[in-house]
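Numbering (our numbering), first residue to last: 156 to 231.
Just so it is clear, CB atoms sit at the ideal spot from N, CA and C, and this is done for glycine as well.
Just so you know, these numbers come straight off a predicted model, no measurement behind them.
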Amino acid sequence: MPASFEEAMAELAQLVTQMEMGQLPLEASVAAYQRGSELVKYCALQLDKVEAQVKILEGDMLKPFTDDDGADEAAR
Numbered sequence: 156m157p158a159s160f161e162e163a164m165a166e167l168a169q170l171v172t173q174m175e176m177g178q179l180p181l182e183a184s185v186a187a188y189q190r191g192s193e194l195v196k197y198c199a200l201q202l203d204k205v206e207a208q209v210k211i212l213e214g215d216m217l218k219p220f221t222d223d224d225g226a227d228e229a230a231r
């Protein structure tokens with residue numbers, strides 16, 4: 156597995172570039188697709204973890220955005 160989200164994204168970008176060039180042999184293309192799928196799953200898992208951490212940190216502080224000048228309140 157990659158050492159970090161950023162490393163996974165860089166490897167994924169490199170794989171996509173190689174596949175888009177269309178110069179990989181069939182077996183290499185299949186291997187690149189498989190590795191890319193693993194990297195996408197890894198990145199999605201990392202994003203889910205970060206989202207969960209943010210929700211915990213913010214707790215009940217999550218609320219809709221409103222203007223600081225109270226314009227939203229006056230419109231109601």
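> Can at least three beta-carbon pairs, one atom from the stretch 159-170 and one from the stretch 190-198, be found at a separation below 8 Å?
Replying inline: yes
>> Please give the ranges of any beta strand (DSSP E) in the stretch 165-197, keeping only runs that are unbroken, at least 3 residues long and fully inside the region.
In response: none
>> Give me, in chain order, the residues of the same chain whose beta-carbon lies closer than 8 Å to that of A187; leave out the 5 immediate sequence neighbours on both sides.
In response: Locating residue 187 in the sequence shown gives position 32, counting from the first residue. Within the same chain, A187 has close Cβ partners L170, Q173, M174 and L179.
> Using DSSP with H/G/I as helix, E/B as strand and the rest coil, what is A207?
Replying inline: Locating residue 207 in the sequence shown gives position 52, counting from the first residue. In this structure, A207 counts as helix in the three-state DSSP scheme.
>> Please report the distance separating the alpha-carbon of E182 from that of S159.
In response: Your numbering for residue 182 matches position 27 in the sequence shown. Your numbering for residue 159 matches position 4 in the sequence shown. Computed Cα separation, rounded: 27 Å.
>> So, at 6 Å on beta carbons, what are the nonlocal neighbours of Q208 in its own chain, with the 5 sequence-adjacent residues on each side left out?
In response: Here residue 208 refers to the residue found at position 53 of the sequence shown. So no residue of the chain qualifies.
> What's the C-alpha gap between A168 and E206?
Replying inline: Locating residue 168 in the sequence shown gives position 13, where the first residue counts as 1. Locating residue 206 in the sequence shown gives position 51, where the first residue counts as 1. Distance between the alpha carbons of A168 and E206 is about 23 Å.
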